[in-house]
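Per our numbering, the very first residue in the sequence shown carries number 3; after that it's consecutive.
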Amino acid sequence: MWQSARNDRLFLVLLAALIGLAWVSLLAWGQSPYSRFLDHEALTDITGEDVRLLVFFVAAWTLMIFAMMLPTTMPLIALFRTITSERPNHLTLVGLLAAGYLAVWMAFGVLVHVADLGVHEASEKIPWLDTNGWVIGAGTLMLAGVYQFTPLKYHCLDKCRSPFSFINSRWSGGNEPAQSFRIGLDHGLFCLGCCWTLMLLMFGVGAGNIGWMLLLGGVMGVEKNMPWGRRLSTPLGITLIGSAALVTLVHYLRPLAYSSSRVLSIAPELRGVNHMDTA
């Protein structure tokens, strides 16, 4: 029993160290000459002659998933490790579960990147979209905010918040490697259903913004694992919708503010002209 508890603690320490390494790597990358490759804008130039940009994207996205999403699924991984600890291949089974989970998020990253390339191509062909790029940011914020109130969000969140029942309903002890991978895959899909809009926001912000990563990663971790996490969904949704409205408002008010400041700046000159005419 004591040995089992010690192994559990060691496992959690190693997992936490892996997550910490991902954060440190992103921080170091952000301070390096290659920091611009953490921004999705730099990844729109991928061509057959410059596939290294694709390598940068995969590396940045992988580190971001390890740093942000792996911590949110630690309760499931730790519980599964405890359940399979007596099996000689338990480390392989845990690894397969983690691989299934990460595979979902890697596939999502590819889809998001392809969509981003499509948006940039559309911007080149549609002048209005090119000059009103703020619409994309405001639309993403609005989408993330509205999604917080959807039944699909709540359904996926409930699945993510019950690791024991989640494993129990999918673990029968048959083909253990396949079941382990499937548990990770299924949990990744529900986690994706819970958090995909927030990760879409993170993609837009860029993996080099550690502050936003900590904030959004913390929000997702609280939503999925804390007893009161579900109560966070409503205020978060309202905040995101309000942010989208604010971005829109600022866009339309900025020209008015510029016009007002321009009028004020030339007012003394106009008064001088009027004075000369009067004289």
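Glycine is no exception: its CB is placed at the ideal position from the N, C-alpha and C atoms.
In this text, all values refer to a predicted model and were calculated from it rather than measured experimentally.
Boundaries cannot be given for E88, as no alpha helix (DSSP H) includes it and DSSP labels it neither H nor E. When Cβ pairs closer than 8 Å are counted between the two stretches, the region 139-148 is seen not to touch the region 222-234, the count staying below three. Exclusion of the five residues before and after V249 leaves W136, G139, A140, L143 as the residues of its chain whose Cβ lies within less than 8 Å of its Cβ. DSSP, reduced to helix, strand and coil, places R172 outside both helices and strands of the structure shown, so it counts as coil.
Selection L81, W198, L72 evaluated against G102 yields L72 as nearest (Cα-Cα). Here DSSP, grouped into helix, strand and coil, assigns N134 to coil. Counting only residues of its own chain and dropping the five nearest sequence neighbours on each side, Q150 has a CB closer than 6 Å to the CB of S235, L238, G239.
Taking 4 residues as the minimum length, the alpha helix (DSSP H) runs contained wholly in the region 153-203 are 153-162, 165-170, in order along the chain. When DSSP states are grouped into helix, strand and coil, L20 belongs to the helix group. For Y149, the three-state secondary structure derived from DSSP is helix.
Between F110 and L194, the C-beta spacing is below 8 Å.
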